[in-house]
Structures are given as C-alpha cells and as structure tokens.
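Be aware that the sequence shown starts at 153, since it is given in my numbering, and climbs by one per residue.
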Amino acid sequence: MTATTALTALSAKAPSLVQSVDWLAIAPVVITAAVGLAVLVADLFLQERHKPVLGWISVAGLAAATATLLPLRAGDRATFCLTGDPAACSYVADRFTIAIQFLVLAGALVTALVSVTAVRDTRMPAGEYWFLLLSSAAGAALLPASRDLATLIVALEVASLPAFALVGMRRGNRLSSEAALKFFLSSVTATAVSLMGVSFVYATTGSLHLTQVADRLEDVPGQLDTLAMAGVALTLVGFAFKTAAVPFHFWVPDTYVGAPLPIAGYLSVIGKAVGFTGLILVTVIAFPAYSDIWGPALAVLAALTMTLGNAAAVRQSADRPNSAVRLLAWSSVGQAGYLLVPIAAAAYTDRDQIGSTVAYALMYAAVNLGAFSVAALVARTKPLHRISDYRGLYAERPLAALSLAFFLLCLAGLPPGIIGLFAKVTVFRSAVDAGLGWLAVVMAINVVIALYYYLRWTALLFRTPEGAQTRTRAPWPVAAAVVLTASTAVVLSGAPEIILRVTTGSLFAQ
153 MTATTALTAL SAKAPSLVQS VDWLAIAPVV ITAAVGLAVL VADLFLQERH
203 KPVLGWISVA GLAAATATLL PLRAGDRATF CLTGDPAACS YVADRFTIAI
253 QFLVLAGALV TALVSVTAVR DTRMPAGEYW FLLLSSAAGA ALLPASRDLA
303 TLIVALEVAS LPAFALVGMR RGNRLSSEAA LKFFLSSVTA TAVSLMGVSF
353 VYATTGSLHL TQVADRLEDV PGQLDTLAMA GVALTLVGFA FKTAAVPFHF
403 WVPDTYVGAP LPIAGYLSVI GKAVGFTGLI LVTVIAFPAY SDIWGPALAV
453 LAALTMTLGN AAAVRQSADR PNSAVRLLAW SSVGQAGYLL VPIAAAAYTD
503 RDQIGSTVAY ALMYAAVNLG AFSVAALVAR TKPLHRISDY RGLYAERPLA
553 ALSLAFFLLC LAGLPPGIIG LFAKVTVFRS AVDAGLGWLA VVMAINVVIA
603 LYYYLRWTAL LFRTPEGAQT RTRAPWPVAA AVVLTASTAV VLSGAPEIIL
653 RVTTGSLFAQ
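Here is the structure:
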C-alpha cells in the first residue's frame, strides 16, 4: 500500500472536523454583539450632538435580537458539537436557553429605554455606555446556551467585565468609583475560585462538556474523588458570588447605590439571571453525581440568603439618602434566596424542579425592572432616592404610583399581583415535594417579614403629600419602560399559565 493510499484510507475513517454553524440558533447573541461593535465604531465618527442616536440603535438592536427568539421557541437546536460525540455540544438552544435569553434580552431592552434619558442627563459617554451594555447583554445571552465549562466561564466574564465599567460610569462620583471597585474585586475573586474548581473537574474527568462531565463523575476513581468534590465545591462557591447568596452578598447594596440607576436595575435582574443560570447548568447538568453535596449546601444558602436579605430590608430608614435603592438591593438578596430553593430541591427529586426558578425569575424580572423604572422617573425631581420621597406620589403621578404599588405587591406575593403569588407558591411547592419541609417553613416566615416593608412603601404612595408637588413631564422612553413592565405584570397576573406552560416539563434538550 502506498503512502497516498494509506493516508486516503485513514482520512475516510476519521470523522470530519468541518461542520456547519446553525446561524439561526446563535442569532440572538450574534445580533447583540454585532450591534455593540457597530455602536462603538459609529461613536468614532458621530458629532457630539448626534450621539443620542446611538441609544436608539441599541434599542433597535436589542428588539431585533429578542425577535429572533420566536423561530427558536421549539427549543430543539444545537451547534458546535463534537464530531466524535454529536450529543456533546457547546451551544444548545433548548427551552431553558430560550426562556433565559428572553429574560436577558427583554430586560436589557427595558434597561436601554430607561438609559436613553439617563445617559443624556448625566452626560455619561454615550458610545462607551451603549457598547458596554450591549457587550454585557451578549455575554448574558450566550451563557444559558453554553454547554461546556470553557464557554460557560467565558460567557460569564463577557457578561460581568463590562458591568464593572458601567457601575463606575459616573465619572467624578466617589460612590460610583467605590461601587465599581468593590464589584470588581468580589467578581474577580469569584471568577478565580470558579476557574480553580473547573480545573479540578477537568483534571478528574478529562472533559469540559457538561454532559460528558456528568457521565464521568458517576464513576470517579477513588484516588480522584477528593479532587472531584473540591472542584464541585469551588465551582459552586464561585457562582454563589454571582448570585449574591449569603455570605457572598456584601457587594450588592453599595454597588446598587453607586451605579447609575438603570444599571442597578440591570444588575438586579440580568446580573442575577447570569449567576443563577450558571448555577443551574453546573449543578443540574454537570454535577448530578454530587447532588448529596450541593443539594444540602444550596438549601442552607437559600435559607440564610432570604433571611438576611429581608431582615436588612426591614431596617432601612425611610429618610436616609439612597434608602429606596438600598431597600430594592436588600430585597433582591432576599429574592435570591427564593430562587435558590428549586435548585436545591432538584438535588432531592428531579431536575425539572428548576422550572420553578425559571418561572420565578421571569416574574421577578418584569416587576423589579418596573420598580427601578419608576425609581428613575421619581429621581428626576428627587435625586436623593429616599423612600420618603415617594410620599404622596399618587397625587403627583397617579399612573406611576399605581404601577409601583402593583410591582411591590407582586414582589410581596399579594393580590392583585397574582403572578407574584403564583411564583411563590410554585417555589414553595418545589421545597415541599423535595421533602425540604424546614426550608418551606423558613420561606413562609420570610414572606411574612417581607410583607412589612413592601406594604409600608406601598402605603406611603397614597398618603397626603408634604409640601408643594413638583410636576414635570415624564420622558417618554422611561414612561414606555414603566408601561411595558406594568403591562407584562398585569397580563401574567391575569394568565399565569403562560409562564406555567413555558417552565413545566423538561426544559433541557434530551
């Protein structure tokens, strides 16, 4: 046999490394990233007076990226797969991916609407702001589709790194600089811990693809078991930082206060979604073999997080500057505890329990972004961000007050905020079904505690205002963000089965 014939025979047996890319599957991420690059280049050539157009380009790009999710709703696409193992793919557009990408892109779209006015009024550099926001959104949209640990970490950092700069975007503001530094240091620590955990997992399994990692962790040699357990634990600790779970929550209040208000809302929803998405992927898909380790650990973290978050929110003084933002920050920590419950429950029953986390995250995204949108509207005349600034808001801005009241009732889980009640019941049931009765009791107690500060703020909206009321016209982009989030919350409260249909059953590609 000649050398040429042998080489031909070998090539015929070897799998081809050439594969097609499913451009439709990756379209939401590609469009968001491409628009971000287009904005950055356009900023170099536009005169200062024309810079506001960059905001509208960003809004249009995010709307287009969100629209591309419609043809993907069947959730049956995958690309960048191993030629030797077609089931091991780096990018999967299943139902879980589509639901989280919708949350991320729609949330970024609402943030962009609120930011249009904020960028102009605070004179933040428009080109840098919109490029960073779109870059972060692209990374956040990539993360739920990531099915190998390398892509997962890259997506996590692409979502996080621009956020550091966005938090410190208010140049010359001491609080903003401190917030950016604290956020940066905590996130870098989380990434370092996660990378060490991933390296241990790779050393144990010899693979980065989540499905292969799961299979190989089922039968780990005895001498590598300790290394595997350390890798699992360190990876989870890293993601716990991103989710603001106690005791890794310390950066949240100061970061929210120092960041521009639209970015605080963005971090409270999209930033949190990034952390929980990564946590779900590594626990439920990659590490089911060690569910006896991460299940109890996440249950304890959930109890601590919801308890400390709600306790700190209750202590906020209405007259303290930035108390409204701090209350929303501590509320987001408490809500993170609720979001952890179904993930912990998945360790005791089956992974379909995480549908409750997805349902809760979708509800939380709509109402929390709505609350921050109203806060941005109020801050135009009352920049101290105090809870007391909302006294008598109904007399000044009836629609804004009614919207905020509805958002707060949704977060509290009280009618007419049926979607909030529905989401809490779904999470509560997941704990009960998993046999975590003690965690269900802790959650019930915390829901009652949270009623106090949500209802106190709601009641303040309808009290008699103090002093003369300053009436200014609401910028229509901010008003549009309030209307969009309020409409979504109302529709979901009237028909909560919409979320139920999306999040029940298996969310992952089989």
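Backbone N, C-alpha and C fix where the C-beta goes; we use that ideal spot for every residue, glycine too.
DSSP state of residue i mapped onto helix, strand, coil
| i | result |
| --- | --- |
| H202 | helix |
| S469 | coil |
| A245 | strand |
| F391 | helix |
| S339 | helix |
| A270 | helix |
| A239 | coil |
| R653 | helix |
| D371 | coil |
| A647 | coil |
| D504 | helix |
| A260 | helix |
| S359 | coil |
| A166 | Confidence at A166 is low in this model, with a pLDDT of 47, below 50, so its placement is unreliable and the value that follows should be read with caution. Residue state, collapsed to three classes: coil. |
| V642 | helix |
| A158 | Here the model assigns A158 a pLDDT of 48, short of 50, so the residue's position is not dependable and the matter cannot be decided. |
| A344 | helix |
Distance CB(residue i)-CB(residue j) smaller than 8 Å
| i | j | result |
| --- | --- | --- |
| I570 | P494 | no |
| S475 | S469 | yes |
| A411 | L255 | no |
| Q505 | S443 | no |
| V319 | T249 | no |
| V350 | I305 | yes |
| G447 | Y500 | yes |
| L224 | G279 | no |
| A527 | L413 | yes |
| G207 | S267 | yes |
| V310 | T231 | no |
| G507 | G489 | no |
| V530 | Y542 | yes |
| V409 | L327 | yes |
| L284 | A317 | yes |
| M663 | M321 | Because the chain is modelled from 153 through 662, residue 663 falls outside the range shown and cannot be assessed. |
| Y354 | L362 | no |
| S751 | F393 | Residue coverage of the chain in this structure runs from 153 to 662, which leaves residue 751 outside it and unanswerable. |
| F428 | L491 | yes |
| L308 | F352 | no |
| P405 | A481 | yes |
| I651 | M515 | yes |
Segment limits, alpha helix (DSSP H) that includes residue i
| i | result |
| --- | --- |
| D174 | First-last for D174: undefined, no H or E at that position. |
| A311 | 301-319 |
| A278 | 278-294 |
| G427 | 424-432 |
| V477 | 475-498 |
| A441 | Taken as a continuous stretch (DSSP letters only), A441 belongs to no alpha helix (DSSP H), as it is neither H nor E. |
| T407 | 404-410 |
| A396 | First-last for A396: undefined, no H or E at that position. |
| L413 | 413-418 |
Residue i Cβ short of 7 Å to the ligand NAD heavy atom set
| i | result |
| --- | --- |
| D541 | Among the ligands in the structure shown, none appear at all, so the ligand NAD cannot be discussed. |
Enclosing beta strand (DSSP E) for residue i [first to last residue]
| i | result |
| --- | --- |
| T231 | 228-233 |
Below-8 Å beta-carbon distance, residue i vs any chain B residue
| i | result |
| --- | --- |
| L318 | The structure shown has no chain B; it contains just one protein chain. |
Unbroken stretches of the alpha helix (DSSP H), 4 residues or longer, contained in the segment 521-602: Here the runs fully enclosed are 545-548, 550-564, 570-585.
Determine contact between the segment 378-394 and the segment 343-356, defined as no fewer than three beta-carbon pairs at a distance below 8 Å. Enough Cβ pairs lie closer than 8 Å, so yes.
Pair every Cβ in the segment 261-279 with every Cβ in the segment 296-311, then say whether three or more of these pairs are closer than 8 Å. Look at the beta carbons and you see the segment 261-279 not touching the segment 296-311: under three pairs across the two are nearer than 8 Å.
Would you say the segment 432-448 touches the segment 457-467, given that touching needs at least three Cβ pairs under 8 Å? Verdict: no, contact absent.
When you compare the segment 514-533 with the segment 590-609, are there three or more beta-carbon pairs, one atom per stretch, that lie closer than 8 Å? In the pairwise beta carbon analysis, the segment 514-533 is classified as not touching the segment 590-609: fewer than three pairs are separated by under 8 Å.
Okay, do the segment 179-198 and the segment 209-220 touch, 3+ Cβ pairs below 8 Å being the bar? Three or more Cβ pairs drawn from the segment 179-198 and the segment 209-220 lie within less than 8 Å of each other, which places the two stretches in contact.
Could you say if the segment 552-572 and the segment 287-295 meet the contact criterion of at least three C-beta pairs nearer than 8 Å? In short, these stretches do not touch, since the Cβ pair count stays below three.
Taking one C-beta from the segment 578-596 and one from the segment 635-645 each time, how about it: are there three or more such pairs within less than 8 Å? In short, these stretches do not touch, since the Cβ pair count stays below three.
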